[in-house]
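Trainee: Under numbering that gives the first Met the number 0, the first residue of the sequence shown is numbered 0, with each subsequent residue one higher. For every residue, glycine included, the Cβ atom is placed at its ideal position computed from N, Cα and C.
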Amino acid sequence: MKRFVWDMERLFKGLIAPKTLSMASLLQLYLTTFERPLDVADYGVCTLDDLLEALPRETFVVSLVQPYLILYSKVVQPPYPETLLDFSLTCYRLQCSTKAF
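#1: How far does the alpha helix (DSSP H) with Thr58 in it extend, from its first residue to its last?
#2: What three-state label does DSSP hand Leu10 in the structure shown?
#3: Alpha carbon to alpha carbon, what distance is there between Phe33 and Val60?
#4: Is Ser62 buried or exposed, if buried means 16 or more other CB atoms sit within 10 Å of its CB?
#5: How many angstroms separate the CA atom of Leu70 from the CA atom of Ser24?
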């Protein structure tokens, strides 16, 4: 089951992955990412429901919104990308100024 969780995390961390997927989108993204269709038997279970039950609730939310099954990722992006950019620019400027001397 850990492998399924890792695979789902990989799907959501990919550049083309949104934070919300319908089941049809999930199956298509899985096929595109892993170059094989999702087969629940690969993970040692009989049904897709068993796989979805294995997902940790602190990371993923599975919701039934008629007629769709929706999967949400709670994985949080780094909190302040602007701060990281400012920090990297400051480091760059400091490095450039020390080379001038």
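Mentor: To lay it out plainly:
#1: Here residue 58 is taken as the residue at index 59 of the sequence shown, counted from 1. Element bounds for Thr58: n/a, residue is neither H nor E.
#2: Position 11 of the sequence shown, counting from 1, holds the residue named residue 10. Leu10 sits in a helix when the DSSP states are folded into three classes.
#3: Stepping through the sequence shown from its first residue, residue 60 is reached at position 61. Stepping through the sequence shown from its first residue, residue 33 is reached at position 34. When the Cα atoms are used, Val60 and Phe33 turn out to be separated by approximately 22 Å.
#4: Working through the sequence shown from its first residue, we reach residue 62 at position 63. Counting Cβ neighbours within 10 Å, Ser62 comes out exposed, since fewer than 16 surround it.
#5: In the sequence shown, the residue the question calls residue 70 occupies position 71. In the sequence shown, the residue the question calls residue 24 occupies position 25. Going from the Cα of Leu70 to the Cα of Ser24 covers about 10 Å.
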